[in-house]
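Inspection log for the structure reproduced underneath, given as structure tokens.
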Amino acid sequence: MRKFIKAFVIASGFALFANLAMAVDFYPISSVEVTYPEGSGAFWPESNLIQGPGVGFDEEEPHDKLGGGADHNWVTNADAGFPADYIEDVGMPVIVLDLGADRALNEISMWGYEDTNTNGWREFELRFASAADGAAGFGNTISYNPTFITEDFFEYLAIERQSFPFTETVNARYVELTLTDNYFDDPGDGSGDEGWGPGGDRVGVGEIAFMSPGPVEPPPPPTPDTLFYDIAGITASTEDTDLWPAANLIQGPGKGFDANLPHDRTASGETGSWVTEACGFPCDYLESFDAPELIIDLGEDVALNEIDVWGYASTNSNGVREFELSFATEADGANGFGNSIAYNPTFEDVDIDPTIRQQYPFDETVTARYVKFTATDNYFEEPGDGSEGEIPGGDRIGFSEVAFPLPGQGGVVGDFNGDGMLGIDDINMLTAESAGGMNPPAFDLNSDAAVDAADVAVWINDLKNSYVGDANLDGEFNSGDLVTIFTAAKFETGQPATWNEGDFNGDGAFDSGDFVVAFQGAGYEQGPRPAAAVPEPATGVLALITMSLYGMIRRRK
């Protein structure tokens, strides 16, 4: 039996080696777009060009095309009629392929259109652009510009893969392929001197691919779209006289601004901006009226570490240039700004560009329900009518959108206050969200649609590489942590508690259940968390710890 298994493994190994030796890796192509000569278009779809291995062509050598016709070819319309030379009479289609990331390219693989007519590509030209160049930057940093031709129609292959090697390796994300000729044989009705047959009134391609010099690394994952808090409502001190309402400021992702990065503004004008009445023209609104105040209601107390705003308009000077913020908790109420939160930042030089998302990070994380936004300056310049080269306006003040991103996105996972570190504030925020029961996605570290003790365990065990029970986050669970949590004096009191006050399971309180989860983690007096598992503490050790805790509690009482 052993001999059989050994022989099977050896035979399988040789077969695997043979398959690997024969296999060719192709880069995935993210998208394709064709620019047609004016008035032209596609007869069969562009998407057929990049169906790839297993769909457009065989995964195995020799990678023959897997079909023809409308399901496996792209071809233009016959815009000049028949007979006609599409390239001569209509123009040259330009195909742009996006590989998703910069790739090392040393060849292009092409499959023919059909060999029953002369509409297939005969000659094409390539240009390249890197990710930094962008999709319109062909030739900017990559000068290589080869042309390839298959001269004779009788050498044209409709099924077989044709590989055209480059004379140099290029690193590019975008490839521009211009079809410069087909097999039109004048007059195109099949009576031409070359004997190639009828056609040439269109131009088509079967499939396009790029072989990888080695195993293909997957492209980096896309940057996740930002999550924003819902805004329950907004009021303006000027609402009785505003030209466009403050409600336009909180339309949110997908309506007021693009839900996808970079979150450019999508709404504008009377349905997408807030702006005050005018003080007359020309004049400075803020010289004539008090600075407008906007009260933003987030519906409940939430953790805030940034405000995002979008400008008003680049064609006048009415946009907000400077603003001031103040905060109030739910307990403070909508008129309690500054009562319990002293933080009162001012932000200057808001960009006049109305399209871009402008991010203003806070110096500290605040937990608040209400935010007061005071518009303290616009872009007014004397005399305000444009007569001295200034952008006219400033007789009003406005902007187009406001939003608050959830903390902890786009940086260190678990860094909910955005300071670049994993600290007490972060895990306290996490335990508070766990106790709150709202399950905000930004705090859902294990992606199970809930924020609970499991997420707390992920934060402390996997992200911080410490133990449940490490109240002071010094990397160990020891007697120093017991001192920390009992100093807070919240054990079995029913008072709200955070991580460094003994809430290790995220239920918002410090009680015996927190000791259960802490000692289940088997980290007490084990030192810093090692890579390998550690043994459970002995029963005697647990008993000793319990007795010590009881004594500490008795002394506290």
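Take my numbering: the final residue in the sequence shown is number 589, and no numbers are missing along the way. All C-beta atoms in this analysis are idealised placements derived from N, C-alpha and C, irrespective of residue type, glycine included.
Self-check item: For Y118, three-class secondary structure by DSSP
Solution: Sequence index remark: in the sequence shown, residue 118 carries index 86 (1-based). Y118 falls in the helix class under three-state DSSP.
Quiz item: Of the choices D213, E91, P415, whose alpha-carbon is the least far from that of F180?
Solution: Here residue 180 is taken as the residue at index 148 of the sequence shown, counted from 1. Among D213, E91, P415, the Cα nearest to that of F180 belongs to D213.
Quiz item: Is the region 332 to 344 close to the region 390 to 405, with three or more CB pairs under 8 Å?
Solution: yes
Practice problem: Compare the C-beta of Y215 with all C-beta atoms of chain C and state if any pair is closer than 9 Å. | Solution: Although the question refers to chain C, the structure presented lacks it and comprises just one protein chain.
Quiz prompt | Contact check, N449 vs E396, beta carbons under 9 Å | solution = Against the sequence shown, residue 449 aligns to sequence position 417. Against the sequence shown, residue 396 aligns to sequence position 364. Yes, the Cβ-Cβ distance between N449 and E396 is below 9 Å.
Self-check item: Proximity below 9 Å, CB of F160 to CB of M142
Solution: In the sequence shown, residue 160 corresponds to position 128, counting from 1. In the sequence shown, residue 142 corresponds to position 110, counting from 1. No, the pair does not count as a contact, with Cβ atoms beyond the cut-off.
Quiz prompt | Residue closest to R154, alpha-carbon to alpha-carbon, out of G238, Q83, F551 | solution = Residue mapping note: residue 154 aligns to position 122 of the sequence shown, counting from 1. The shortest C-alpha separation from R154 is found at G238.
Quiz item: Hey, quick one: how far does the beta strand (DSSP E) through A486 stretch, first residue to last?
Solution: In the sequence shown, counting from the first residue as 1, residue 486 sits at position 454. No beta strand (DSSP E) contains A486, which is instead part of the alpha helix (DSSP H) from 485 to 489.
Self-check item: Alpha-carbon to alpha-carbon, W342 and D383
Solution: As a working mapping, residue 383 is identified with position 351 in the sequence shown. As a working mapping, residue 342 is identified with position 310 in the sequence shown. Rounded to whole angstroms, D383 to W342 spans 8 Å at the Cα level.
Self-check item: Contact between the region 228 to 245 and the region 297 to 306 (3+ Cβ pairs under 8 Å)
Solution: no
Practice problem: Taking E91 as part of the beta strand (DSSP E), name the residues at either end of that continuous run. | Solution: Along the sequence shown, read from residue 1 onward, the residue named residue 91 stands at position 59. Careful: E91 lies outside any beta strand (DSSP E) and carries neither H nor E.
Quiz prompt | Endpoints, the beta strand (DSSP E) within which S195 is located | solution = For the purposes of this step, residue 195 is identified with residue 163 of the sequence shown, where counting begins at 1. Unbroken beta strand (DSSP E) run through S195: 194 to 214.
Quiz item: What number of angstroms, rounded off, separates the C-alpha of N537 from the C-alpha of D484?
Solution: Position 505 of the sequence shown holds residue 537. Position 452 of the sequence shown holds residue 484. Looking at the two C-alpha atoms, the distance is approximately 8 Å.
Exercise. Would you mind stating whether V64 and I240 have Cβ atoms separated by less than 9 Å?
Key: One-based indexing of the sequence shown puts residue 64 at position 32. One-based indexing of the sequence shown puts residue 240 at position 208. Their beta carbons are under 9 Å apart, which means V64 touches I240 by this criterion.
Quiz item: How big is the Cα-Cα spacing for P219 and F114?
Solution: Start at 1 with the first residue of the sequence shown, and residue 219 comes out as number 187. Start at 1 with the first residue of the sequence shown, and residue 114 comes out as number 82. Looking at the two C-alpha atoms, the distance is approximately 10 Å.
Quiz item: Looking at C-alpha atoms only, which residue of F359, T148, E120, V500 is the closest neighbour of Q552?
Solution: Looking up residue 552 in the sequence shown gives position 520. Of F359, T148, E120, V500, the residue nearest in Cα terms is V500.
Practice problem: Mind checking which residues open and close the beta strand (DSSP E) that includes F160? | Solution: Translated into the one-based positions of the sequence shown, residue 160 becomes position 128. Run containing F160: 153 to 161, per the beta strand (DSSP E) assignment.
Quiz item: Going by beta carbon distance, what residues of the same chain come within less than 7 Å of D494, once the five residues before and after it are set aside?
Solution: Residue numbering aside, residue 494 sits at position 462 when the sequence shown is read from its first letter. Excluding sequence neighbours, D494 sits near nothing in its chain.
Quiz item: Is the Cβ-Cβ distance between V434 and L326 less than 9 Å?
Solution: As a first step, residue 434 must be located in the sequence shown, where it is residue number 402. As a first step, residue 326 must be located in the sequence shown, where it is residue number 294. Cβ distance < 9 Å, so V434 and L326 count as in contact.
Exercise. Give the single residue among L438, F75, E226 whose Cα lies nearest to the Cα of Y261.
Key: Along the sequence shown, one-based indexing puts residue 261 at 229. The residue with the shortest Cα to Cα distance from Y261 is L438.
Quiz item: Looking at C-alpha atoms only, which residue of A164, F198, P94, E70 is the closest neighbour of R205?
Solution: Taking the sequence shown and counting its residues from 1, one reaches residue 205 at position 173. Of A164, F198, P94, E70, the residue nearest in Cα terms is A164.
Exercise. Compute the Euclidean distance between the alpha carbons of V126 and I388, then round it to the nearest angstrom.
Key: For this step, residue 126 is matched to residue 94 along the sequence shown. For this step, residue 388 is matched to residue 356 along the sequence shown. C-alpha separation (whole angstroms): 31 Å.
Practice problem: Quick one: measure Cβ to Cβ for G416 and D316, integer angstroms, because I've assumed they're closer than 8 Å. | Solution: As a first step, residue 416 is located in the sequence shown; it is residue number 384 there, counting from the start. As a first step, residue 316 is located in the sequence shown; it is residue number 284 there, counting from the start. Their Cβ separation, rounded to whole angstroms, is 7 Å, which keeps G416 and D316 in contact under 8 Å.
Practice problem: Consult DSSP for G619 and reduce its assignment to one of helix, strand or coil. | Solution: A question about residue 619 goes unanswered here, because the residues of the chain that appear run from 33 up to 589.
Quiz item: Just reading off the alpha helix (DSSP H) that I429 is part of, what are its end residues?
Solution: Taking the first residue of the sequence shown as 1, we reach residue 429 at position 397. First-last for I429: undefined, no H or E at that position.
Quiz item: Does the separation of the CB atoms of G540 and G468 fall below 9 Å?
Solution: Position 508 of the sequence shown, counted from the start, is the residue given in the question as residue 540. Position 436 of the sequence shown, counted from the start, is the residue given in the question as residue 468. Yes, they are a contact pair.
Quiz item: In three-state DSSP terms, what is F260?
Solution: Residue 260 sits at position 228 when you count from the first residue of the sequence shown. In this structure, F260 counts as strand in the three-state DSSP scheme.
Quiz item: Who are the Cβ neighbours of G71 in its own chain at under 8 Å, not counting the five residues just before and after it?
Solution: Along the sequence shown, one-based indexing puts residue 71 at 39. Excluding sequence neighbours, G71 sits near D111, V122.
Exercise. Assuming A486 and D480 form a contact by the criterion Cβ under 8 Å, report the distance between their Cβ atoms to the nearest whole angstrom.
Key: As a working note, residue 486 is residue 454 in the sequence shown. As a working note, residue 480 is residue 448 in the sequence shown. A486 to D480, Cβ: 7 Å. Contact.
Practice problem: Please name the residue, chosen from T150, R193, L209, that lies closest to D184 on a Cα-to-Cα basis. | Solution: Residue numbering aside, residue 184 sits at position 152 when the sequence shown is read from its first letter. Checked all of T150, R193, L209; the closest Cα to D184 is T150.
Quiz item: Among D385, F313, V87, T67, which residue has its Cα nearest to the Cα of N78?
Solution: Indexing the sequence shown from 1 puts residue 78 at position 46. The displayed chain sequence assigns Glu, not Asn, to residue 78. Cα-wise, what sits closest to E78 is T67.
Quiz item: W228: which of F186, A190, L209 sits nearest, CA to CA?
Solution: Indexing the sequence shown from 1 puts residue 228 at position 196. Nearest of F186, A190, L209 to W228, Cα basis: F186.
Self-check item: Residues of its chain near E356, where Cβ-Cβ distance is below 6 Å and the 5 sequence neighbours each way are ignored
Solution: For the purposes of this step, residue 356 is identified with residue 324 of the sequence shown, where counting begins at 1. Excluding positions up to five away in sequence, the list reads T378, T406, T408.
Practice problem: Report the three-state DSSP secondary structure of N138 (helix, strand or coil). | Solution: Mapped onto the sequence shown, residue 138 falls at position 106. If DSSP states are grouped into helix, strand and coil, N138 belongs with the strands.
Quiz item: Within this structure, are the beta carbons of N14 and N497 separated by less than 9 Å?
Solution: There is simply no residue 14 to check, as the chain begins at 33 and stops at 589 in what is shown.
Quiz item: In its own chain, which residues sit with a C-beta less than 8 Å from the C-beta of V352, not counting the 5 before and 5 after it?
Solution: For the purposes of this step, residue 352 is taken as residue 320 along the sequence shown, with counting starting at 1. So the qualifying residues of the chain are V341, G343, Y344, V382, A407, D409, N410, I429, G430, F431.
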